[in-house]
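**Q** Sharing a structure with you now.
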DNA sequence: TGCATGTGCAACTCATTGGTTGCAGCTGAC
DNA sequence: GTCAGCTGCAACCAATGAGTTGCACATGCA
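Protein chains in written order, with the numbering used here: chain A, 18 to 132; chain B, 18 to 132.
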């Protein structure tokens, strides 16, 4: 993944960052993302078998991730396959890196003042 | 900010990622972090004047950010100054970049299979 | 000393979230 | 056509979070 555009990332829809960071704030959801990345697309039923949760609970997590733009689903016969769509992660990294930039420049200013 | 160590970031305390992503999931909290970065340390009372919220509400947000390791406070006379401590952001970036790496390698594998 | 200002703590409300159970509706295969 | 398996929807519960109000406590300064 390359560094996203700075200004655009900071001005990106605040709601998008909300839902993304919120989606990633849950360990179960991060686990689901990692599983989908490692083993490829899967259904809510299959994913639920690997957790102590109900299919419905897993499904809700998947829907949260999808609402954040991190997942997409596709109907295959009578199954629904979920897969990761990681472009939105760039927004998160963009915000963090922009914020870090502000901190870095502030530190630089302080260094110059105190030297 | 430099790229954090890969394995350590993925194996970092899950709770740390929880609290950090959770803290960043709220637009008010991201705004507070940005304000503190741009204008330097400030008190909850001062920060509250720039928002439609109560001092107590702002204080709760500051405490959430501090619990996530993103802020620190210091008593100055009868005032309490909050400032940003951005090292933990590296964990967040680490997780995201690690996850992106998994995705990238998966895409590479798929490319090789489909070509 | 007394007062204004700033912080700390507790209780309360309201909305959201994570999780469950139950049941109905599709769909593929025999 | 029927049946098993998977998905979709709704209701419900417990816990957490965001925000408020009210009041007590500490501190700097005239």
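Just so it is clear, CB atoms sit at the ideal spot from N, CA and C, and this is done for glycine as well.
For residue 88 (chain B), which three-state DSSP category applies?
**A** What you label residue 88 (chain B) is simply residue 71 of the second chain in a count that begins at 1. The answer is strand: DSSP assigns residue 88 (chain B) an E or B state.
**Q** Which first and last residues belong to the beta strand (DSSP E) in which residue 100 (chain A) is found?
**A** Taking the first residue of the first chain as position 1, residue 100 (chain A) is located at position 83. Unbroken beta strand (DSSP E) run through residue 100 (chain A): 96 to 101.
**Q** Measuring CB to CB, does residue 106 (chain A) end up less than 9 angstroms from residue 76 (chain A)?
**A** As a working mapping, residue 106 (chain A) is identified with position 89 in the first chain. As a working mapping, residue 76 (chain A) is identified with position 59 in the first chain. Going by C-beta atoms, residue 106 (chain A) is not nearer than 9 angstroms to residue 76 (chain A).
**Q** Assess, as a yes-or-no matter, whether the stretch 90 to 104 of chain A is touched by the stretch 44 to 63 of chain A under the definition of 3 or more beta carbon pairs within less than 8 angstroms.
**A** Short answer: they touch.
**Q** Can you tell me where the alpha helix (DSSP H) holding residue 35 (chain B) begins and where it ends?
**A** Within the second chain, numbered from 1, the residue matching residue 35 (chain B) stands at position 18. 31 to 41 is the span of the alpha helix (DSSP H), which, as asked, contains residue 35 (chain B).
**Q** Of all the residues that make up the stretch 74 to 89 of chain B, which are near chain A by a beta-carbon distance shorter than 9 angstroms?
**A** Under the 9 angstroms Cβ criterion, the stretch 74 to 89 of chain B contributes no residue.
**Q** Measuring alpha carbon to alpha carbon, tell me which of A:44, A:39 and A:32 ends up nearest residue 31 (chain B).
**A** To locate residue 31 (chain B), count along the second chain from 1; it is residue 14. The shortest Cα separation from residue 31 (chain B) among A:44, A:39 and A:32 belongs to A:44.
**Q** Name the two residues that bound the continuous alpha helix (DSSP H) containing residue 44 (chain B).
**A** Looking up residue 44 (chain B) in the second chain gives position 27. Note, residue 44 (chain B): alpha helix (DSSP H), 44 to 56.
**Q** Tell me where the alpha helix (DSSP H) around residue 65 (chain A) begins and ends.
**A** Translated into positions along the first chain, residue 65 (chain A) becomes position 48. Residues 61 to 66.
**Q** Applying a beta-carbon distance threshold of less than 7 angstroms, which residues of chain A neighbour residue 109 (chain B)?
**A** To locate residue 109 (chain B), count along the second chain from 1; it is residue 92. By Cβ distance, chain A contributes 113.
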